[in-house]
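Read the structure below first, then the notes.
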Amino acid sequence: MVIVGPDAVAAVAVGGLPRRPGVLVVTARAPDATVWQSGVEAGAEAVLELPVGGSQITERLADSLDDRGRTGVTVAVVGGCGGAGASTLVAGLGVAASRAGVEALVVDGDPLGGGLDLALGSESVGGDRWPALVGISGRVSAQSLRMALPMVSPSSRMAALSLLSWDRGDPQAVPPDAIREVVAAGERGHDLVIVDLPRWVDPAGEQVLIKADVTLLVVPAEVRAVAAAGRVAARVRAMAAALEVVVRGPGPAGLTGAHVAEALQLPLAVEMRSDRRVASALDLGYGPWRLRRGPLAQACDVVLARQGLVREEVA
165 MVIVGPDAVA AVAVGGLPRR PGVLVVTARA PDATVWQSGV EAGAEAVLEL PVGGSQITER
225 LADSLDDRGR TGVTVAVVGG CGGAGASTLV AGLGVAASRA GVEALVVDGD PLGGGLDLAL
285 GSESVGGDRW PALVGISGRV SAQSLRMALP MVSPSSRMAA LSLLSWDRGD PQAVPPDAIR
345 EVVAAGERGH DLVIVDLPRW VDPAGEQVLI KADVTLLVVP AEVRAVAAAG RVAARVRAMA
405 AALEVVVRGP GPAGLTGAHV AEALQLPLAV EMRSDRRVAS ALDLGYGPWR LRRGPLAQAC
465 DVVLARQGLV REEVA
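According to our numbering, the stretch in the sequence shown is residues 165 to 479, in order.
Below you can see the structure in the form of structure tokens.
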């Protein structure tokens, strides 16, 4: 573990050191925007204020003694506009990971969304949902989290896919501490953590963005969608360590993935065609499991390959 003070974090950020887990920025007063930005550029897992963050530092020290020997990759996904397909991409990434032998945790970070359990066709699978976890505080055991959550892989031949979604009750805000500890435990217990975030990022979403290895902004290849995505990107990019765009096309005006990426001044992660079969599969309760081929599956394989989770040949 590396603890960096606010007086040194800017120097660490410009030092060109490779990103590594276990970096914390610790301040004696509320961090300002400059400290947050430098923390992101330095690859910090969190920016903590003393004395209120003292217990979290203790918990991170306990995490550093975890004998699992690996830390999973975290991917955050945000829609650039309403109906962009962010939740569909999250579900597709979970399915692609399971098929590729990558153990993954899918986290629904949008209390007002339609529910990732429905997107994965897993609403009837037993296990804890967010209402059972919003009150957690302190370090969460990776093994306990895996045992508590629904396991939604339909076949024992696939890698485990854990899901943390919502029930059908009234929406609740996710406390920042709760989602931070869930993601941290997910990284210790899985190869991949995928978090679906709302477009207007709340304090819980901020915790995910600063921790994520990459944030994917999903944008349809449409002029108004790109304009809306620009607003979302302006808020997200200050907290995201790496922000890339996923473009869904083709657009009615002929916009391509390269056009959208250039307009947003973001790297293009992947461009995929719209596929009407995806919406039908989700409405029928199958999720993406039956769509072994097609634009969504191909795009998800590319994303996994870019994170080093599958061989390039798969993508």
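Glycine included, C-beta positions come from ideal geometry on N, C-alpha and C.
Bear in mind that the values here come from a model prediction, so they are computed numbers and not experimental data.
C-beta atoms of residue i and residue j nearer than 8 Å
i: Gly256; j: Cys464; result: yes
i: Val410; j: Leu381; result: yes
i: Val204; j: Ile374; result: yes
i: Leu284; j: Pro335; result: no
i: Val211; j: Val199; result: yes
i: Met165; j: Ser262; result: no
i: Ser202; j: Ala240; result: no
i: Arg303; j: Glu370; result: no
i: Asp377; j: Gln462; result: no
i: Glu213; j: Ala194; result: yes
i: Ser251; j: Leu269; result: no
i: Leu460; j: Val442; result: yes
i: Asp360; j: Gly273; result: yes
i: Pro339; j: Ala368; result: yes
i: Val365; j: Arg399; result: yes
i: Pro185; j: Thr235; result: yes
i: Val190; j: Gly217; result: yes
i: Ala389; j: Val383; result: yes
i: Leu289; j: Val316; result: It should be noted that the sequence gives Val, not Leu, for residue 289. Yes, the pair counts as a contact, with Cβ atoms nearer than the cut-off.
i: Val466; j: Thr379; result: no
i: Arg293; j: Asp341; result: no
Span of the alpha helix (DSSP H) around residue i
i: Gly243; result: Note, Gly243: premise wrong, no alpha helix (DSSP H); beta strand (DSSP E) at Val237 to Gly243.
i: Leu473; result: Note, Leu473: premise wrong, no alpha helix (DSSP H); not H, not E.
i: Val166; result: Not the alpha helix (DSSP H): Val166 falls in the beta strand (DSSP E), residues Val166 to Val168.
i: Ala197; result: Ala197 to Glu205
i: Leu181; result: Leu181 -> no alpha helix (DSSP H), and no H or E assigned at all.
i: Ala391; result: Val387 to Val400
i: Val216; result: Run containing Val216: none; DSSP gives neither H nor E here.
i: Ala264; result: Looking at the DSSP string, Ala264 is not in any alpha helix (DSSP H), and its letter there is neither H nor E.
When the options are compared against residue i, the one with the closest alpha-carbon
i: Arg412; options: Gly247, Leu468 and Val166; result: Gly247
i: Ser326; options: Glu267, Asp274, Pro215 and Thr235; result: Glu267
i: Ala312; options: Ile221, Glu345 and Gly291; result: Gly291
i: Pro170; options: Asp196, Gly415, Pro318 and Arg454; result: Asp196
i: Trp453; options: Arg332, Val396, Gly179 and Leu253; result: Leu253
i: Met403; options: Ser288, Val390 and Val372; result: Val372
i: Pro416; options: Asp439, Val298 and Val387; result: Val387
i: Ser444; options: Gly179, Ala260, Leu282 and Val259; result: Leu282
i: Gly333; options: Gly278, Thr379 and Asp439; result: Gly278
i: Ala397; options: Leu428, Gln220 and Pro318; result: Leu428
i: Ser438; options: Gly249, Ala469 and Val259; result: Gly249
i: Leu468; options: Ser320, Ala260, Thr379 and Trp330; result: Ala260
i: Leu297; options: Leu328, Ser286, Glu287 and Pro318; result: Leu328
i: Ile167; options: Ile221, Ser286 and Arg363; result: Ile221
i: Ala385; options: Leu181, Gly418, Ser301 and Arg401; result: Gly418
i: Arg456; options: Ala175, Ala337, Ala264 and Thr238; result: Ala264
i: Pro314; options: Ile300, Glu287 and Gly180; result: Glu287
i: Glu426; options: Ala175, Arg440 and Gly394; result: Gly394
i: Ala192; options: Pro362, Pro318, Arg363 and Pro215; result: Pro215
i: Ser301; options: Arg440, Ser219, Ser320 and Pro362; result: Ser219
i: Ala324; options: Leu181, Gly258 and Ala337; result: Gly258
Residue i: first and last residue of the uninterrupted beta strand (DSSP E) it sits in
i: Val176; result: Val176 -> not in any beta strand (DSSP E); alpha helix (DSSP H) instead, spanning Val173 to Ala177.
i: Pro268; result: Correcting the residue identity first, residue 268 is Ala in this sequence and not Pro. Here the beta strand (DSSP E) through Ala268 covers Ala268 to Asp272.
i: Gly413; result: Leu407 to Gly413
i: Pro384; result: Val378 to Pro384
i: Val189; result: Val187 to Thr191
i: Glu213; result: Ala210 to Glu213
Within-8 Å CB hit, residue i to chain D
i: Met165; result: Here there is only one protein chain, and chain D is not present.
Exercise for the section: For the stretch 302-311 and the stretch 342-355, state whether three or more C-beta atom pairs, one from each stretch, are separated by less than 8 Å. Expected result: Yes: the two stretches touch, three or more of their Cβ pairs being nearer than 8 Å.
Practice task
Count the CB pairs spanning the stretch 446-460 and the stretch 418-427 that are closer than 8 Å, and state whether there are at least three.
Solution key: The way I'd put it, the stretch 446-460 doesn't touch the stretch 418-427; fewer than three beta-carbon pairs between them come closer than 8 Å.
Practice task
Count the C-beta pairs between the stretch 395-410 and the stretch 426-444 that are closer than 8 Å, then say yes if the count reaches three, no if not.
Solution key: yes
Exercise for the section: Mind listing, in chain order, the continuous beta strand (DSSP E) runs of no fewer than 3 residues lying wholly within the stretch 268-323? Expected result: 268-272
Practice task
Pick out the complete alpha helix (DSSP H) segments inside the stretch 417-466, 4 residues or longer, and give them in chain order.
Solution key: 421-428 and 440-447
Problem - beta strand (DSSP E) runs wholly inside the stretch 324-373, at least 3 long, in chain order - result: Here the runs fully enclosed are 325-328 and 356-361.
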